[in-house]
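Sequential numbering of the sequence shown, starting at 0, is according to numbering that gives the first Met the number 0.
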Amino acid sequence: MGENGVALSILVRSATESRYIRGMTKTIDIDRVARLIIDVAAEEIVPRYKTLGADAIRSKTSANDMVTDADEQAEAQLTCRLPDLLPGSVVVGEEAVYANPAVLDRLSGDQPVWVVDPVDGTANFARGHPAFACMVALVEHGQTVAGWIWDPIGDRLWIAEQGAGACCNGRRIQVSGHGQPLSSLIGSLGRGRLANRLEEQYALRVRHGSAAHDYAAMADGRVHFAVYNRLKPWDHAAGVLLHHEAGGYSALRGQNAPYQPTRQDGELIVAPDREIWERINDLLPG
């Protein structure tokens, strides 16, 4: 069970009802992956929530770019155990890339790749705020074929499979906001020129401090759009697929090209549909 007592069997199917990703060159059980993510979070993340000492929290590139013992231990567990579910696969984890940027080259190879953000929203986690999650995506030949987002405090599990839709705790989900004016929409934006340019155009701005919670809120229809200019694959691979499978539209600015986990440059607009994407794009500088 998670912290709020939701039984694991509610979140994923039983072993006799397993689902398998379609179109993969090798078979992978979606629900076994979900169970592993939930187990690792229960072992390495949840026990450290609100209990971290100062020596368990460290800065990386800035004071707001943090890593904790939970990030490192959860990523180590997932890096060790995910390839067992898909022989021949490799892992690209946020903390591994920080230690060795060459790890990112695995995304351009021929092997299936697990893209892992062990604690998305580390700053929230370190401060005892519940807006964090564990994100895992499975990428094959440069395309995200499945994604998992686990919120261990809210006991919410989002799963997306390429071509098969998106769900939260087994319930189908769908984006909202189609055809509505920007003045009635809720946007998830950070600080800076993008947010400032749009701030008078939409109804409300929210800041989760977690890409996982952004994408989950958009896929559930609670938030309508977001704009990103930092495109790390562990922040976006699972979320973009979740949003797409929930009926949304996203693309990189300039080329109007779909997001790919191998791309880290550019600006990404995530919206309910292409019409709203175009309206947001037209309002932004450049």
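Even glycine gets a Cβ: it sits at the ideal position worked out from N, Cα and C.
Looking at the backbone, the Cα of residue 140 and that of residue 259 are separated by about 10 Å.
Looking at 103, 158, 45 and 82, the one whose alpha-carbon comes closest to that of residue 242 is 158. Residue 27 has no beta-bridge partner at all, per DSSP. Taken through DSSP and simplified to helix, strand or coil, residue 107 comes out as helix. Burial is judged here by how many other beta carbons sit within 10 angstroms of a residue's own beta carbon; residue 87 has fewer than 16 and is exposed.
Only exposed fits residue 255, as fewer than 16 other CB atoms lie within 10 angstroms of its CB. C-alpha of residue 147 to C-alpha of residue 180: approximately 31 Å in a straight line. Residue environment analysis places residue 58 among the exposed positions, since fewer than 16 neighbouring C-beta atoms fall within 10 angstroms of its C-beta.
For residue 278, the enclosing alpha helix (DSSP H) starts and ends at 273-282. Closest in C-alpha terms to residue 89, from the list 109, 222 and 228, comes 109.
Residue pairing by DSSP places residue 94 in no beta bridge whatsoever. Check the Cα spacing between residue 145 and each of 244, 264, 151 and 42: the tightest is with 244.
By alpha-carbon distance to residue 233, the top candidate from 27, 102 and 115 is 115. For residue 165, the enclosing beta strand (DSSP E) covers residues 164-167.
Across the structure, residue 160 and residue 185 are spaced so that their CA atoms are roughly 26 Å apart.
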